[in-house]
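Enquirer: Let me begin by handing over the structure; questions about it come next.
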Amino acid sequence: FYWGYKPVDHATYIDDQRRYRDERAKSGDAAKLPYNAYQEDDNATLAKLGHIPQTTLKFQNDNFGNVLDDVYAKGGGTFANATTTIPDMLGPGSGGPANAAAGFASFHLNAGDFTHPIYDNPHRIYQFFAAQRLADLILMIRREPATKRDPINIVAHSQGTIITMLANMLVMQANEKPADCVILNHSPYALEKTAAEGMTPGHHQTDRARQQTFKNFCQLMATNARYGKGEYHTQAEIDELEGAICLSKTNSQWRKNKLYTRNNFGKVYNYFCPNDSVVSLLNVQGLGWRGVPHDIASGIDNLRQRVFCENGPEIGGSPLSVPFEMPALEKDCFEQDTLATRQYTFADVVVNGEQLPVTFRHQLQGAGSQYKYSIVPGSPDQDISFSAKATVIARTETDFKNISGAGFDSLQPGQELTPAELAMFAKKYGKPYTKGVVLGGGYNKTVQLIYEKTPDELQKEWLQSKQVGYSQHSSIVMSKDTPAKAMAFDLAVGICGAFDHENGEFWVKLLRRGDWRMKLNGLPRTVDYYNTGILNKADTKDYMNRPDDILPKGQYGVVNEYYHSTTVKPARHNEIYNTETPNLQWDMPKPLNV
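Numbering (the numbering used here), first residue to last: 6 to 599.
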């Protein structure tokens with residue numbers, strides 16, 4: 006499943022901002038929000054972002070500076086725009102003073118790693134649209150008579166885990182059956198608000214809302230008709246799989262080892278990594294790093310957890326009965342950035358994932374190369390690093406030369422060099438200086454010479470990169486062992502009619518529907534968004550900053566409850582009671598004069 010973010014063009018942005026300005030004047034807080042991001046088209050700004058004639062890389066930028074691909078799209082959205090809850094996917098993008106401070110550090114305190122610069126961010130409504138699209142994909146399978154009982158598994162990563170949670174709630178809201186099994190990897194979903202998140206704009210979800218929403222999702226998954234019908238598949242089910250040639254009657258382990266036959270329908274797996282330097286950020290601290298503590302997990306019967314940690318317990322051994330504790334840091338092992346992240350100090354997560362046929366130990370990315378990698382030419386990392394360097398690296402060099410007694414006695418302090426004088430210095434020192442100023446006097450007379458780097462020199466400098474460190478935010482999904490030795494045994498196993506339905510054409514339709522880049526996607530509003538950045542107004546865009554108007558509620562829905570939701574106005578002398586007025590979840594954006 007492929008999703009992402011695309012800003013509108015500048016003209017569409019201006020039209021929508023003007024519409025919002027007029028609507029705000031007439032309707033106040035009832036005004037529908039405008040697009041706040043557009044495809045950067047100012048030549049001077051683009052030049053600062055690395056778009057010089059000599060550039061061989063093909064990338065674009067939005068008006069915040071975020072690097073996009075050559076068609077102004079960004080798969081998975083911008084780096085610093087992940088959320089820790091579901092309602093925030095309908096709220097404003099990450100910004101404010103805390104984001105600005107993190108942005109400064111990402112440019113100037115990065116130890117030479119420019120692959121994760123932090124800019125301001127677009128509205129997060131594109132994440133909600135991704136959840137709508139994933140729900141549509143599930144519904145496409147569930148509403149087709151030949152495939153409605155197909156087992157659906159979702160292996161989700163990072164922000165995709167929160168999109169997955171909401172998508173299944175939307176499917177349930179549409180009165181259809183959700184996915185049969187979900188594996189969450191490196192999830193930023195947070196069960197508690199953090200102090201650092203509290204420093205960002207907006208009113209943030211209460212701990213109760215976060216925890217109850219997660220429980221509601223797990224309860225939704227547990228409605229599966231095959232959940233709780235035995236720990237292992239029945240002989241009749243195995244016969245059916247063999248009869249459909251999904252299992253070999255002679256080479257399969259299913260009749261020899263019950264660990265192969267586990268029934269995972271209706272389960273939720275949380276794969277968490279205490280070494281993850283992204284989900285452990287101070288303003289995130291998601292359950293994909295922290296795990297779900299036992300006081301919450303013990304009340305969720307269908308939740309299973311596995312920990313993927315350097316020098317941690319073997320994965321797939323007998324379920325632990327005691328809480329996991331972070332092993333002591335050993336020499337030459339992976340070390341997190343302790344300034345931006347929280348160290349793992351918990352001892353309240355019970356790793357209850359079932360036993361696996363083959364156990365293994367987790368190996369972090371880059372374990373054999375000091376946890377670093379080289380940027381691959383032509384990769385998104387190269388584009389991002391290139392543009393970030395273009396933003397901050399000086400495009401001039403300054404030399405200071407002593408000229409006392411060197412035949413330049415006539416030059417006076419403060420005097421700018423003439424073109425002829427510059428040419429003399431250029432010839433002497435072998436650099437085409439463009440400006441020179443005389444400083445000091447007497448025996449300390451010097452000249453400040455400024456040299457503008459050539460476009461070719463700039464491109465060469467921006468392309469240079471040191472090896473950069475792995476964040477370990479993908480160490481589970483990029484592991485060669487995890488998919489083969491853990492995920493394969495944690496999925497819901499059954500017969501998929503979708504492969505053969507319509508002579509294979511239905512499967513092709515599913516592949517296209519799941520990829521927002523496909524011209525033959527089959528969902529017009531997806532094609533429109535990828536081509537133009539314009540979201541369907543009635544279905545998606547009008548819900549910007551309005552989660553209560555669209556999110557599923559109730560037993561299997563989202564609890565949208567945020568701190569400081571009301572303002573108390575003290576009773577006046579002739580009144581008995583204080584009055585409470587509701588606060589907006591997020592401030593309305595200020596109208597712009599564009």
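All residues carry an ideal CB built from backbone N, CA and C; glycine is no exception.
Keep in mind it's a predicted model, so treat the numbers as computed, not measured.
1) Could you pull the DSSP bridge partners for residue 256 from this structure?
2) In the DSSP assignment, find the beta strand (DSSP E) that holds residue 511 and state where it starts and stops.
3) Over the uninterrupted beta strand (DSSP E) stretch that includes residue 275, give me the two end residues.
4) Run through the DSSP bridge pairs and tell me what residue 441 is partnered with.
5) Look at the alpha carbon of residue 338 and the alpha carbon of residue 311, and state the distance between them as a whole number of angstroms.
6) Expressed to the nearest angstrom, what Euclidean distance is found between the alpha-carbon atoms of residue 423 and residue 452?
7) By Cβ distance, which residues of its chain are closer than 6 Å to residue 431, with the 5 residues on each side in sequence left out?
8) For residue 284, which residues in the same chain have their Cβ closer than 6 Å to its Cβ, ignoring the five residues on either side in sequence?
9) Quick one: residues in its chain with C-beta nearer than 6 Å to the C-beta of residue 71, no 5 flanking neighbours on either side, listed in chain order?
10) Looking only at its chain, what residues have a beta carbon closer than 7 Å to the beta carbon of residue 460, apart from the 5 residues adjacent to it on each side?
11) Identify, in the order they occur along the chain, each residue of the same chain with its Cβ nearer than 6 Å to the Cβ of residue 69, setting aside the five sequence neighbours on each side.
12) How close, in whole Å, do the beta carbons of residue 138 and residue 259 come, if the pair is a contact with beta carbons under 8 Å?
13) With the cut-off set at 8 Å, would you say residue 29 and residue 596 are in Cβ contact?
14) Going by Cα to Cα distance, which pick from 400, 156, 333 and 92 is closest to residue 567?
15) Leaving out five residues on either side along the sequence, give the residues of the same chain with a beta carbon under 6 Å from the beta carbon of residue 208.
16) From residue 245 to residue 236, what distance separates their C-alpha atoms?
17) Let's test the definition: count the other Cβ atoms within 10 Å of the Cβ of residue 640 and tell me whether it reaches 16, buried, or not, exposed.
18) Is the region 317-337 close to the region 505-518, with three or more CB pairs under 8 Å?
19) How far does the alpha helix (DSSP H) with residue 4 in it reach, from first residue to last?
20) In the structure shown, what three-state DSSP assignment does residue 547 receive?
21) Pull the bridge partners of residue 159 from the DSSP assignment, please.
22) Decide if the region 176-183 is in contact with the region 557-564; the criterion is three or more beta carbon pairs, one per stretch, under 8 Å apart.
23) In this structure, does DSSP put residue 66 in helix, strand or coil?
24) Quick one: complete alpha helix (DSSP H) runs, 4+ long, within the region 298-344?
25) Between which two residues does the beta strand (DSSP E) harbouring residue 407 extend?
26) I need the straight-line Cα distance from residue 408 to residue 402, nearest angstrom please.
27) Would you list the one or two residues that DSSP bridges to residue 530?
28) Taking one C-beta from the region 473-491 and one from the region 363-376 each time, how about it: are there three or more such pairs within less than 8 Å?
29) Here's a check: name, in chain order, each residue in its chain whose Cβ is nearer than 7 Å to the Cβ of residue 135, leaving out the five neighbours to either side.
30) Does the beta-carbon of residue 219 have 16 or more other beta-carbons within 10 angstroms, so that it is buried, or is it exposed?
31) Would residue 389 be called buried (16 or more neighbouring beta carbons within 10 Å of its own) or exposed?
Expert: Concretely, from the data shown:
1) The bridge partners DSSP lists for residue 256 come to none.
2) Where residue 511 is concerned, there is no enclosing beta strand (DSSP E), although the alpha helix (DSSP H) it sits in stretches over 510-518.
3) 272-277
4) 454
5) 21 Å
6) 13 Å
7) 437 and 438
8) Sequence-distant Cβ neighbours of residue 284 in its own chain, meaning closer than 6 Å and more than five residues away, are 191, 193, 291, 293 and 294.
9) Cβ contact annotation for residue 71 (same chain, cutoff 6 Å, sequence separation greater than five): 83 and 124, in chain order.
10) 57, 58 and 59
11) So the qualifying residues of the chain are 124 and 125.
12) At roughly 35 Å, the Cβ-Cβ gap does not stay under 8 Å, so residue 138 and residue 259 are not in contact.
13) yes
14) 92
15) 567, 568, 569 and 590
16) Cα to Cα, residue 245 sits roughly 18 Å from residue 236.
17) There is simply no residue 640 to check, as the chain begins at 6 and stops at 599 in what is shown.
18) no
19) Here the chain comprises residues numbered 6 to 599, so residue 4 is not present and cannot be evaluated.
20) helix
21) 187
22) yes
23) strand
24) 299-302
25) 401-407
26) Distance between the alpha carbons of residue 408 and residue 402: 19 Å.
27) According to DSSP, which records beta bridges pairwise, residue 530 is partnered with nothing at all.
28) Touching, yes, given that three or more Cβ pairs across the two stretches are closer than 8 Å.
29) 8 and 168
30) buried
31) buried
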